[in-house]
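Okay, so here's the structure we're looking at.
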Amino acid sequence: MARILVLNGPNLNLLGSREPGQYGHRSLEEIMEELMRFAGACGHDLYHIQENSEGTLVEAVHKAAVEGVEYIIINPAAYTHTSIAIRDALLGVRIPFVEVHLSAISAREPFRQFSYFSDIAMGVISGFQGESYMLALQAIINQIEPQ
Ligand code: DQA
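Going by the working numbering, the final residue of the sequence shown carries number 349, and the count climbs one at a time with no gaps.
What follows is the structure, encoded as structure tokens:
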């Protein structure tokens, strides 16, 4: 059994109503419930946190290490493109993580095409709206239990 944390950054609490063309029609709760169910059915323990501020996200990463989290799925949202602090926190705790985006950030505005996380992530999944999270979880489970 692995302990997995899903960490969501600013404005992702607005999913469902926020720019549905980019981010889809499902709420964060719906997406996270599906993920928790799937992880549980595979024998893993998954929980999620959504925070709007950078410092709180840094603290959530620190706490994850103390609580024995083994993998993180993170959508840093707008902090993807700005946050050395969250990058350093992930490097500091050495918890492997998958970077997730609902939209295809490499096909959007130039300022969204750079990520402070991609070069240190296990992998990046982007552009499948809510399903991006499930694909990230499946990738992690495949690493834990290679077929
Ligand atoms: C996002 C992409 C970011 O550029 C944006 O600021 C977000 C969401 C995504 O999931 O597509 O808030 O991370």
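Glycine included, each C-beta is placed from N, C-alpha and C at the ideal position.
Proximity of residue i and residue j at Cβ, strictly below 8 Å
i, j, result
"V326", "A291", "no"
"A262", "E256", "no"
"Y204", "E272", "Per the sequence shown, the amino acid found at residue 204 is Ala instead of Tyr. Yes, Cβ-Cβ distance for A204 and E272 is below 8 Å."
"I275", "V300", "yes"
"P222", "A280", "no"
"L237", "R228", "no"
"N277", "N215", "no"
"A267", "V302", "no"
"S285", "I307", "no"
"P348", "M324", "no"
Three-state secondary structure assigned by DSSP to residue i
i, result
"F299", "strand"
"L337", "helix"
"R205", "strand"
"S308", "helix"
"S317", "coil"
"Q331", "coil"
Continuous beta strand (DSSP E) stretch holding residue i: start and end
i, result
"G325", "G325 to S328"
*Write down every uninterrupted run of the beta strand (DSSP E) in the segment 209-293 whose length is 3 residues or greater and which is fully enclosed by it, in chain order.*
247-252 and 273-277
*For the segment 331-349 against the segment 313-322, are there 3 or more C-beta pairs whose distance is under 8 Å?*
no
*asked:* Using 8 Å as the cut-off, can you tell me whether the segment 236-255 makes contact with the segment 286-300, which would need three or more C-beta pairs spanning the two stretches below that distance?
replied: no
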